[in-house]
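In the UniProt record's numbering, the protein residues as written are 1 to 146.
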């Protein structure tokens, strides 16, 4: 149970760190200096950590996922948890952090996604649904493991 909680925690930390770094990448100079999450250097801006510290956190959380994942019983349990907690639920966390840094909003109106010349319509409800699905999958897995 503790290992599973650790795995989930490392996934959450990883996605938050990736969202912070991606937000920094897309932010303009003013946004990089004024947001409370990430700054260019510790002596510049209002961010609690700088870009490189978030990279360290990202890498340490990957190591944490690998180590705790090793101790989770069963490949299918691990896969279900990783897809549920990481892809569905935590992707929404990543998007919230990125949006907060770049747009000062958690749920902004954004344009449609354009991937490989395919247009995917975007809706705030898709983001909310992903968070709910991920949370439900994580809870179901956690109850199953206990």
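All residues carry an ideal CB built from backbone N, CA and C; glycine is no exception.
- By the Cβ neighbour-count rule, residue 115 is exposed, with fewer than 16 other Cβ atoms within 10 Å of its own.
- Counting along the chain, residue 29 sits inside the alpha helix (DSSP H) bounded by residues 29-34.
- The beta carbon of residue 3 sits closer than 8 Å to the beta carbons of 68, 71 and 72 from its chain, once the five residues preceding and following it are set aside; these are given in chain order.
- Residue nearest to residue 10 within the set 63, 111 and 96 is 63 (criterion: CA-CA distance).
- Every alpha helix (DSSP H) of 4 residues or more that sits fully in the segment 56-141 is shown, in chain order, as 75-81 and 91-103.
- Residue state for residue 38 is assigned as strand, using DSSP reduced to three classes.
- Judged by DSSP secondary structure, residue 19 falls within the alpha helix (DSSP H) whose first and last residues are 2-26.
- Judged by their CB atoms, residue 137 and residue 83 are nearer to each other than the 9 Å cut-off.
- The straight-line gap separating the alpha-carbon atoms of residue 8 and residue 88 is approximately 13 Å.
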